[in-house]
Structures are given as structure tokens and as C-alpha cells.
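>
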Amino acid sequence: MATIDDSKPLSLHSSDNPSIALVSHSLTGENYNSWNKAMCMALHGKNKYGFVDGSIPELALGHSTHALWHRNDSIVSSWLLNSLSKEMQESILHCSFAKAI
């Protein structure tokens, strides 16, 4: 049976799907401080915060794990998108990467 190394940011767990809600309340603008704290804690807990702060940069297109990096970034982007109010979602739909959100 394969094991998952949670210490590596490109590792994905079966619970890391794009539709889960990482925080209990959507960002509306007025609640940025509490939303930010909750989202940062959740992303750190999943070892994915580096996709947001840029410390896990995009790998070169020919790199052996580029597709895995892109899949992780897409999942993080989905988590962020799902945590925004409907009004805010419209404004970031065209962001290409989690860091841009």
C-alpha cells in the first residue's frame, strides 16, 4: 500500500478535493481579518500555504513534477474561490494561479 508523505507540499491526500470548504465563513470584505486567519491556518495545516505566498513557485513546463504542481495549485485556487462570497468570486475567476488570488 502506498503511503503519503504529508511533509512534501506536492503531496495530495484523498481528502484534498477542490470542493471542500476550508473555512466556515465566506470572505465578504468586512470579515477579512478573521477569514484570513482561518484560511492561513487551514492552508498551513494542509502544507499548501506556499502556493499562496509564492514560496512554492511554478515549476518549468518540462519539469517532471510540473503537472503535479499545477494540480496542487488548481486545488488551492478552488479552495480560495469556494471561500469567497459570490460577489467576490466574479472578480477573481480569471486569475491563473493561487498566488494571484
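Mapping to UniProt numbering: the sequence shown position 74 is 74, numbers consecutive. For each residue, glycine too, the CB sits at the ideal point set by N, CA and C.
Tell me, to the nearest whole angstrom, how far the beta carbon of residue 10 is from that of residue 83; I am working on the premise that it is less than 8 angstroms.
Counting from 1 along the sequence shown, the entry for residue 10 is found at position 10. Counting from 1 along the sequence shown, the entry for residue 83 is found at position 83. Contact flag wrong, Cβ pair sits at about 22 angstroms.
> DSSP three-state call for residue 43: helix, strand or coil?
Taking the first residue of the sequence shown as position 1, residue 43 is located at position 43. In the structure shown, residue 43 sits in a helix (DSSP, three-state: H, G or I).
> Going along the chain, which residues of its own chain have a beta-carbon closer than 8 angstroms to the beta-carbon of residue 17, five neighbours each way excluded?
The residue labelled residue 17 in the question sits at position 17 within the sequence shown. Answer for residue 17: 75, listed in chain order.
> Does the distance from the C-beta atom of residue 97 to that of residue 77 stay below 8 angstroms?
Within the sequence shown, residue 97 is the residue found at index 97, counting from 1. Within the sequence shown, residue 77 is the residue found at index 77, counting from 1. Result yes, Cβ atoms of residue 97 and residue 77 sit closer than 8 angstroms.
> Which partner residues of residue 10 appear in the DSSP bridge assignment?
Residue 10 sits at position 10 when you count from the first residue of the sequence shown. BP columns for residue 10 are empty, so no partner.
> If you measure between the beta carbons of residue 22 and residue 42, is that distance less than 8 angstroms?
Indexing the sequence shown from 1 puts residue 22 at position 22. Indexing the sequence shown from 1 puts residue 42 at position 42. Contact flag set, yes.
> For residue 73, count neighbouring C-beta atoms within 10 Å of its own C-beta (all shown protein chains included) and say buried if the count is 16 or more, exposed if not.
For the purposes of this step, residue 73 is identified with residue 73 of the sequence shown, where counting begins at 1. Answer is buried; the Cβ neighbour count reaches 16.
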